[in-house]
Structures are given as C-alpha cells and as structure tokens.
C-alpha cells in the first residue's frame, strides 16, 4: 500500500525549479500523486517502497538539488493555542520555545491561533511542547484532535469574572457616593480587583517568569501601584475596563478568524459511499481514490471527483465564486464544498480529503495568514523600540521630578503608572494582521486567493498589467473558421494530415483542428518521427512523407512562403484569425484559419482596470501581429507584443517592471509561469483544480471570470488603505496619551479605555473589508 512521504529540498526557490523536479519525479515507477511546493521547499508523494523513495532522492539530486537527510526523524505538528488573542501572547510563545533541544523550527500564527512546529519526536515529543506552553499559562492541543468537554468555568470564566468585577466596582462607587466609609469601599474595590484581575495576574506572572513584560504584567504593576497610593477606585476601574476590553477583543478576533474558518466547514465530514449496491455513511478521511459516493439534491460535495452517472446544476460559488450554478453531467469534475442543486449524482473520487481543491485553498490561506506583510516589518521595529522606551520614561517620570525638583512623588508616580498602561503597542501590532486576514477572507469568498500580505501589498501597488491572450482575453476555445487548400491539395487531405500531426498535442489550436476533422468524419493517420518545434509548430512523417504544420515564422525560416501565401495570411489575420500553415518539403499545401472569440466581459474589464488607474495594459501573445493588433484595437489596449516565444514573454515582463516597477502578469498559471515569476505579481486565471496554478501564482482567480481581476486589485488597495488607517490611528492615540500622561491630564482608566479601545477600533476597521462588494461589470 502506498504511503505519503515528504522531503525537504534545498535550492528549490522558483516555479521553474518546482516544475523541473516534478517532471523528473512523476515518471518514476512506484511514485504517485506528486506535489511540489517551492515556497515551502517541500515535495510530497505517495511511494510504494523504500526503493522508490531512494529513486526519488537520486532523481532530485541528479538535477543539482540537495535533499535534506534524516527527514524521517523530524515531524511537523500543528497545535491550537487557546486564548492567544494579542501580540503579547505571541511574543511569549516565541520566547518560551526558543532554544528548546529537539525543536528545529516553529511558526506562530496569531490570527488562526495555531503553532506549527518541526521537531524531533525522539528528543522532544509533542506532549513536551504542550507542557512548555502550559507552564507559560497557555492551553494547547493538537489541531484537529477531539477537544475534551469544557466545564462551565472554562467556557464562561472570563465573562463571569469580568461581570463580577464590574458589579463590585459599581458597588464601590455607590458606597462612595453614600459616604458609607473607606473600609466598605476598599473592600468592594479589593474584591473587584481580585475577581477581574485573576486572569490578568496569571498571564502577567507567567510572562514575568520568562522575562517578558507583556500588557498583563504592566497592567498588574499599574493596579498594584494604584492600590499603593490609595487610588483603589481607579485600580478597580482599570481591572474592570481591561478585562472587559480583552473579552471584547477576543470576540472581535474570533469574528475575524471565523471569516476564514467557515471555509473549513464547507465540505461535509461524511460521504454516502456506495459499496456492493448499498449506501454507507463513511468519514471522508477513510475514503480512497476510486471509491464512488452518491449526492442527493441540496447536499454538499464531500470530495473532489468525476461524475459517472447523473446530471445536475452544481453551485460552485464556495470554490470559484461563480454566481450561477454550472451544469454538470457524466465525465465532468465536481469540487469538495460545492452544492448539488437538482439531480442525483454518482461520483468517483479523484482526490482524497487532504488533497482536494478546497484543502489546497485552506492550506494556502493558512500560509498566507502566517506570511508577513512588508508593513509589518516597520511595526515590529517600532514595537521593539517603543515599549522599552516608554518603560524607561515611566521610571524616570516616577523618580526624577521628586529627586531633582522636589515635586510630589505620589503625583508623578501616578503619571508613571498611566505611562505603563499605554506602554504596550497592542493595537499597532494587530492593525496589519487583522486587515490582511479580513482581506484574504473576503477574496476567498469570491474565489480570489492572495498568498499573503506581501503579495496583497504588491497587487495593491500594480501600475501596469501584462495579459496573455489565449484563455485570458479570449475564451480559450478556438474553432476552425476557414480551410484554404493551395497547390491543388484536396481539402480532405489537408484536414487529414493536419489532424494527424496534431493528434498528440494538447494545445487549444490543435484541439480545434481535431474537432473539425472529427465533425467532417475524417480519421487521422499514424505519425512517425514526430517532433515539436517550440514556438513554431510541429513536424512529422505521414504515410512516408514529411510534413510541417505551424505558424508564419516557421515557413519563413524554411523559405516556403510565397506572395500568394502572404496575401491569404494577411486577409485572415486582418480579420483577427490565427492561421496555421501546412506544407511539405516543396511547398505550402494550405492554410487553416482559426478564431478564438474574445470574452464577452473583456472590454468592460479593461475599462474597469482603467478606472482603477492602471497606466499600461499590454497583451503578450505568441500569435501573429495582425491578429494581436485587431484584438488590441477592439479592447483599447495600450500595447501588444506578438509572435513571442516563452523566453520573449519573460523579457517583455522584465522590461515593464523596469518602466513601471509594480507589474502584474495574468496567465493560466502553467504555460505562463516564467513570465508570472518575472512580474512583481503573478495572477493565474481559472485555477480551480489546477495544482500547478495554485503553486506558481501569487494571486489566484479560481473561476474562469476575467471580472474578478479588477476586484482583486480593488480589494488589495482597500486592504492597504485600512492598514494605513489602522497604523495612523494607533500611533495617533499613543502620541496623544503620552502627551496627556506627561502633563497630568490622563487618568488610569482613561488610558486603559484608550489603549484597549484602539485595539477594538482597528479590529472593527479591518472587518469592514468583509463588506466590500463585487461591482457588477456591464458586458453588453
């Protein structure tokens, strides 16, 4: 039985590397379902023996890459860290895990509350990592594992303690107005501090043990200081407001997380499997490729598969963002998470639960959440300086006025406590991630995947676009329009030879010729000595005679073009058609004119891109110049570059980058991978079900809908605007309260309200991205 194994490959740092490795490995006997991730520098595949694994290692090394040895001694585990809602907890996790023997690497994802660790289980088992986190006051469990039933206190303890603190603080204030006496007031305030401060003190002490001055510790010191100078009412108010703000912040963060978490609930956990004519409800994790399950009307698709019986309309909006259900019949593919609208379908599984398109999308979003945006670097640098600087300032404020100027120690000590409260840059630290996650979630809802903050920021700054023609601006379904035999070549003979030469090709033009031959009832012949001529065409021997089939450049290079051929070419190309020429070693035998219709939404999409301020829109194509010029004129493009080889497309994109700096390249994610890699942002269209497109592109449009391109750019720009607003607001509030604290105009409870209020504001501002609407594009 095959087992999935993973290898870490060093030196694989581009899509071309990944494609080269996959091509070498996929052909090996005993190796199946190969997936290469150049971003993570990993390869995973199903191998049937240790011999197959060694063959795979040898093949990779022969390409010049190194395979990390002893990979089987290291495992990757994912933990769910409960209650990790603020940057201080993230810093604490990083601090307690750094330097632990047996832990090779770890990544903390604040937004998803997950910790991914690469460790040696013989030295450091997963239970050991969980114990380290528990000693730091954090609760962790393996992600996806069944969680123990929580008691009432575990679920509602924070709410109960916060509510109690609020009531007791209110009682203390009421006793103060009733002049009931200091003893009763202090008793009420003390109980309020003890009730609301329980969770704060526990986290603060855990942070102090690990030499981390987090917000909980600073708040604890501020409250103790307030009690020390007799400000019991303010101490109680600080505890209540801080506990309330943390509770609200946790809920707001959960809302941001749930926007992505809903993707994980799209596919049902079980499927109705058909075995020996009976329907059995089986967990999707137990289902193998080749198994058959049944879908009834209204049910969600549990796994990717091919329909073998039945027809229906399937709502693919959760995966591709398409608003209209797609008609499906026998032989069509359905994706996990989509919804069967009408008829009953029998589906053969093509991908296991861990390999479905939906699983890939979720994995990409998780990676994108963990990826750091460039703006985050500024925030991290600022935070490293800001908090220690404010702490030093607080100490100086508490001591120097009394020592040097004879001022009241109590007054300046109180101002120092206010500074402690605003010393933590929590709102600033979460301002970027919450906007990034909301933007990613909003895009995913419309079938737009953006691989992290860096790519989102790049997409928001795009000034120029390069678009592939076939399948991007056109429908990608060319059809034969005209057949023009020359030199007394019979029409059927022309079609038969052309179809024979194209029998092995998957190119859309080849498919068009084969379809035309099939419709005419013409069968193809056996081809020998076949050879693909990159960027030119093909050649081969049919019934003992050599033939060429290709573009204008091929026949110019062979010296076979004549004035008559040129005239026919010019006429068809002026009409926007692509012409394939068939010839032998003596002359041209005829021409086949093929047309690929423009997408109905192409013109409106170009106009929408113009309205977004895109300066330059260029079409790149291997097609002839006259056809390209006709399309460019119809769409109003700025420039076209035609008759390009793949390497020419890369050069064209690099030139655009030199001119405009931020350039997007839109293609199919496979053939255009080198050009997309050369752009600052590679955008793949119609990527649903395409592993290669999911791996190579920076921005992925799951559906075959060009109107999603302006939405992707608009969403990226809106996210950038929200990030700037959040950063500005956080810094402004800090600056204002620093000034108020130094001049004695700020109280402790005001500082708590402002600091935690700023966190809630930036979260709420980030969540606004979820409400961005897809502007309708008029395709009339």
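Numbering (the numbering used here), first residue to last: 9 to 788. All C-beta atoms, glycine included, are put in the ideal place defined by N, C-alpha and C. Quick caveat: nothing in here was measured; it's all calculated off a predicted structure.
Item: Using a Cβ-Cβ cut-off of 6 angstroms (strictly less than) and excluding sequence neighbours within five positions of residue 832, which residues of its own chain qualify?; Value: In the structure as shown, the chain starts at 9 and stops at 788, and residue 832 therefore has no counterpart that could be examined.
Item: From the DSSP output, read off the bridge partner residues of residue 16.; Value: 50
Item: Buried or exposed for residue 89, please, with buried defined as at least 16 other CB atoms from any protein chain shown within 10 angstroms of its CB.; Value: buried
Item: Does the beta-carbon distance from residue 714 to residue 613 come in below 8 angstroms?; Value: yes
Item: Taking 8 angstroms as the threshold, find out whether the stretch 663–670 comes into contact with the stretch 464–474 through three or more Cβ pairs.; Value: yes
Item: For the stretch 499–583, list the beta strand (DSSP E) runs that are entirely contained and at least 3 residues long, ordered along the chain.; Value: 535–541, 545–550 and 553–558
Item: With 16 as the cutoff for other CB atoms within 10 Å, does residue 557 come out buried or exposed?; Value: buried
Item: Just the C-alpha distance for residue 445 and residue 721, rounded to the nearest angstrom, thanks.; Value: 16 angstroms
Item: Quick one: what does DSSP say residue 150 is sitting in, helix, strand or coil?; Value: strand
Item: For residue 493, I'd like the list of residues in its chain whose CB is within less than 6 angstroms of its CB, leaving aside the five on either flank, ordered along the chain.; Value: 499, 502 and 598
Item: Among 71, 53, 63 and 31, whose alpha-carbon lies nearest the alpha-carbon of residue 18?; Value: 71
Item: Can you tell me whether residue 69 is buried or exposed, with buried defined as 16 or more other CB within 10 angstroms of its CB?; Value: exposed
Item: Would residue 730 and residue 707 qualify as a contact pair, given that the criterion is a beta-carbon distance under 8 angstroms?; Value: no
Item: According to DSSP, what are the bridge partners of residue 493?; Value: 598
Item: Just the Cα atoms here: how many angstroms apart are residue 349 and residue 607?; Value: 27 angstroms
Item: With the cut-off set at 8 angstroms, would you say residue 474 and residue 655 are in Cβ contact?; Value: no
Item: State the Cα-Cα distance for the pair residue 78 and residue 428, rounded to the nearest angstrom.; Value: The pLDDT assigned to residue 78 is 42, lower than 50, so where the model puts this residue is not dependable, and the model offers no usable value.
Item: Could you spell out the range, first to last residue, of the alpha helix (DSSP H) harbouring residue 710?; Value: No alpha helix (DSSP H) contains residue 710, which DSSP labels as neither H nor E.
Item: Could you say which of 531, 316 and 465 lies nearest to residue 298 if we only look at CA atoms?; Value: 316
Item: Within a Cβ cutoff of 7 angstroms, which residues of the same chain sit near residue 718, ignoring the five residues on either side of it in sequence?; Value: 613, 616, 617 and 620
Item: Taking C-beta to C-beta, are residue 393 and residue 749 nearer than 8 angstroms?; Value: no
Item: Just verifying my parser: in three-state terms, what is the DSSP assignment at residue 85?; Value: strand
Item: From the DSSP secondary-structure annotation, give me the bridge partner or partners of residue 117.; Value: 122
Item: On a CA-only basis, which of 177, 513, 603 and 224 is nearest residue 482? Give me that one, please.; Value: 603
Item: Which of the three DSSP states, helix, strand or coil, is assigned to residue 302?; Value: strand
Item: Counting along the chain, where does the alpha helix (DSSP H) carrying residue 733 start and finish?; Value: 716–750
Item: Going by DSSP, which residues form a beta bridge with residue 320?; Value: 336
Item: Would you call the CB atoms of residue 675 and residue 684 closer than 8 angstroms?; Value: yes
Item: Taking the beta carbon of residue 644 as the centre, do at least 16 other beta carbons fall within 10 Å, making it buried, or is it exposed?; Value: exposed
Item: Classify residue 593: buried if its beta carbon has 16 or more other beta carbons within 10 angstroms, exposed otherwise.; Value: exposed
Item: Does the Cβ of residue 186 have 16 or more other Cβ atoms within 10 Å, making it buried, or fewer, making it exposed?; Value: exposed
Item: Using the DSSP secondary-structure output, state which residues sit across from residue 777 in a beta bridge.; Value: Per DSSP, none; premise fails for residue 777.
Item: Which residue wins for smallest C-alpha separation from residue 213, given the options 227, 636 and 542?; Value: 227
Item: Mind checking whether residue 631 and residue 650 have CB atoms under 8 angstroms apart?; Value: yes
Item: Three or more C-beta pairs under 8 angstroms: does that hold for the stretch 167–183 against the stretch 246–254?; Value: yes
Item: Could you tell me how far apart the beta carbons of residue 246 and residue 756 are, in whole angstroms, since I believe they sit closer than 8 angstroms?; Value: 5 angstroms
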